[in-house]
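Chains as they are written, first to last, in my numbering: chain V, 43 to 272; chain A, 43 to 272.
Think of the CB as a built atom: it goes at the ideal place given N, C-alpha and C, for glycine as much as any other residue.
Contents: one structure, followed by commentary.
2 protein chains.
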Amino acid sequence: MSSAGERWTAVNSAGYPAPVALAVDVVVLSVRRSELQVLLVDRPDATKALPGGLVGSEESPGGTAARKLAEKTGLDDLYLEQLATFAEPDRDPRGWIPSIAHLALVPAGTEPRDPAATWAPLSGLPPLGFDHATIVRTALERVRGKLWWSNIAVGILPGGFTMSEARVVYEAIAGTAYDPSTFARDLRATGLIEPEPAEPRLTRGRPARLYRFAEREPAWGHGRRKRLHG
Amino acid sequence: MSSAGERWTAVNSAGYPAPVALAVDVVVLSVRRSELQVLLVDRPDATKALPGGLVGSEESPGGTAARKLAEKTGLDDLYLEQLATFAEPDRDPRGWIPSIAHLALVPAGTEPRDPAATWAPLSGLPPLGFDHATIVRTALERVRGKLWWSNIAVGILPGGFTMSEARVVYEAIAGTAYDPSTFARDLRATGLIEPEPAEPRLTRGRPARLYRFAEREPAWGHGRRKRLHG
DNA sequence: AGAATAGTGTCTGTAAGACAATATGAA
DNA sequence: TTCATATTGTCTTACAGACACTATTCT
Chain V
43 MSSAGERWTA VNSAGYPAPV ALAVDVVVLS VRRSELQVLL VDRPDATKAL
93 PGGLVGSEES PGGTAARKLA EKTGLDDLYL EQLATFAEPD RDPRGWIPSI
143 AHLALVPAGT EPRDPAATWA PLSGLPPLGF DHATIVRTAL ERVRGKLWWS
193 NIAVGILPGG FTMSEARVVY EAIAGTAYDP STFARDLRAT GLIEPEPAEP
243 RLTRGRPARL YRFAEREPAW GHGRRKRLHG
Chain A
43 MSSAGERWTA VNSAGYPAPV ALAVDVVVLS VRRSELQVLL VDRPDATKAL
93 PGGLVGSEES PGGTAARKLA EKTGLDDLYL EQLATFAEPD RDPRGWIPSI
143 AHLALVPAGT EPRDPAATWA PLSGLPPLGF DHATIVRTAL ERVRGKLWWS
193 NIAVGILPGG FTMSEARVVY EAIAGTAYDP STFARDLRAT GLIEPEPAEP
243 RLTRGRPARL YRFAEREPAW GHGRRKRLHG
């Protein structure tokens with residue numbers, strides 16, 4: 043790496059300026075303590091930023107994102123989709139570096155493997171470097187927009203969940219409260235989940251039935267028009 | 043430009059391989075003869091491709107897309123949004139060139155200014171170069187998905203349209219037929235359009251009232267869950 | 001008058017919020 | 001038994017498809 047303050051450059055074989063590198067940034071979301079949280083990493087200047095890295099010249103950007111996530115969390119099976127590309131020429135002080143932002147959802151109990159990575163609640167984020175606050179906002183819009191139309195929550199609820207657990211996740215993402223019975227009816231009506239034969243959990247009251255998403259890959263359901271935000 | 047068959051390369055000032063260039067490709071859609079059509083340009087090898095170009099080192103990708111569209115169509119006020127980025131290392135035989143695909147909607151009567159550009163119906167596209175068939179498919183999904191939830195059709199219906207004209211456009215995008223009265227009721231219910239004080243058109247039967255979208259910039263409406271495809 | 005297009009009103013099945021009532025297991 | 005949680009059922013409003021009916025203008 044070059045020293046701080048130095049701006050990198052690149053030229054192609056035709057003699058024109060080229061992007062210095064291609065980056066990916068990943069908005070990793072999960073639900074912890076009934077709250078939507080995002081994974082942040084410490085930067086040298088003590089601010090926080092999204093996890094990310096540079097795409098190799100023989101690598102697909104999605105592959106880079108998955109590789110970086112495996113380094114930070116130890117997970118190699120997760121919900122990952124491309125979000126949007128941020129490529130304003132001055133977005134990175136190191137030079138012309140377009141970044142392909144990705145969105146990843148990981149199971150509720152995931153702990154960072156990298157000690158520089160920590161979870162932060164989406165409400166009350168610290169100041170973020172680069173244009174990362176914009177990227178996080180875009181990610182929140184995306185996950186809310188798809189919540190009731192796709193199996194996007196399968197990243198947080200990999201399988202064997204109860205309706206109550208699913209409801210906590212959906213409420214944290216949507217930022218609202220759902221009636222338990224109506225929630226169960228409407229989640230079943232999406233056609234995305236199926237009962238799991240496993241034995242029930244050992245909890246306080248009546249044991250709940252377990253469900254899982256039928257598909258682990260991104261898929262669309264029948265679509266419910268459910269209330270979002272308060 | 044280099045001669046065909048030669049693969050470009052680039053290195054950055056740290057000595058690592060860099061992307062050769064950053065491209066934009068634009069899926070320009072309109073409704074012509076009650077059909078959804080896309081703007082294609084001829085390539086040197088006689089195949090067709092999406093209009094596009096290289097992003098300058100001091101340029102935003104959206105700016106590049108708008109500039110290219112102005113060259114092809116003479117339009118400078120249109121609905122333009124980012125679609126997705128295609129950056130597989132081998133997607134372009136000229137070298138490592140990520141492409142930020144955009145989606146643009148232009149008014150029904152728009153004729154290409156560039157003689158190499160022609161309209162082609164989405165049903166029955168010719169073979170396209172690169173990964174452009176995938177990009178077009180992604181664009182169709184996007185515009186269908188947003189049709190009844192946003193003012194995305196404002197690009198095709200800039201103002202002073204009748205309900206019948208709007209219905210033709212919505213039907214062409216959705217790929218289905220709507221009942222005229224139900225269509226009008228539900229389009230009004232989106233909250234996105236408003237009556238226009240202009241005088242009615244000179245047509246055969248009873249003259250229709252005119253409407254326009256209240257917002258020309260991308261905006262979300264109340265959302266209707268309407269039938270799509272057959 | 002008759003044709004053509006625009007717009008209104010009504011009926012019906014489904015979707016979704018609210019909430020009461022019941023079921024099941026642990027303390 | 002009492003408490004806590006899960007699940008079922010019902011009521012009500014809004015949404016959206018279908019379609020009959022009325023309105024306005026031109027030929």
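Chain V contact for residue i (CB, 9 Å cutoff)
i: A/T89; result: no
i: A/W138; result: yes
i: A/P61; result: yes
i: A/Y58; result: yes
i: A/P103; result: yes
i: A/A126; result: yes
i: A/I142; result: yes
i: A/S45; result: Caution applies to A/S45, whose pLDDT of 46 falls short of 50 and renders its modelled position unreliable; the value that the coordinates give is listed next. Output row for A/S45: interface = no.
i: A/S55; result: yes
i: A/L64; result: yes
9 Å Cβ cutoff, residue i in contact with chain A
i: V/A52; result: yes
i: V/I177; result: no
i: V/R267; result: yes
i: V/P169; result: no
i: V/P237; result: no
i: V/P131; result: yes
i: V/A216; result: no
i: V/E100; result: yes
i: V/G69; result: According to the sequence provided, residue 69 of chain V is Val. The question's Gly does not apply to it. So, not an interface residue.
i: V/V97; result: yes
i: V/L120; result: no
i: V/L92; result: no
Bridge-paired residues (DSSP) for residue i
i: V/V80; result: V/L71, V/A162
i: A/E48; result: Per DSSP, none; premise fails for A/E48.
i: A/F255; result: A/I235
i: A/V211; result: None; A/V211 has no bridge partner.
i: A/I142; result: A/V66, A/T127
i: V/A91; result: V/V83
i: V/F203; result: V/Y253
i: V/N54; result: A/A52
Buried versus exposed call for residue i [16 or more other C-beta atoms within 10 Å across all chains shown]
i: A/G137; result: buried
i: V/D134; result: buried
i: V/F255; result: buried
i: V/P163; result: exposed
i: A/P169; result: exposed
i: A/L244; result: exposed
i: V/H174; result: buried
i: V/L103; result: The sequence as given places Pro at residue 103 of chain V; Leu does not occur at that position. Looking at its Cβ environment, which holds 16 or more other Cβ atoms inside 10 Å, V/P103 is buried.
i: A/L270; result: exposed
For residue j and residue i, believed in contact at Cβ under 8 Å, the rounded distance
i: V/I177; j: V/D67; result: 6 Å
i: A/S72; j: A/I198; result: 6 Å
i: A/L92; j: A/L82; result: 7 Å
i: V/K268; j: V/W190; result: 5 Å
i: A/G202; j: A/L252; result: 5 Å
i: A/T180; j: V/N54; result: About 27 Å separates the two Cβ atoms, so there is no contact after all.
i: V/V69; j: V/L145; result: 5 Å
i: A/T65; j: A/I139; result: The displayed chain sequence assigns Ala, not Thr, to residue 65 of chain A. With a Cβ gap of about 5 Å, A/A65 and A/I139 count as contacting.
i: A/T115; j: A/V80; result: Actually they do not touch by this definition, with Cβ atoms about 13 Å apart.
i: V/L117; j: V/T152; result: 6 Å
i: V/N193; j: V/G263; result: 7 Å
i: V/R74; j: V/A158; result: Not quite, the Cβ-Cβ distance comes to about 18 Å (not below 8 Å), so this is no contact.
**OP:** Could you tell me whether the segment 105-123 of chain V touches the segment 117-135 of chain A, using the rule of 3 or more Cβ pairs below 8 Å?
**Re:** no
Original post:
Any chance the segment 230-238 of chain V sits against the segment 46-65 of chain A, with 3 or more Cβ pairs inside 8 Å?
Top reply: no
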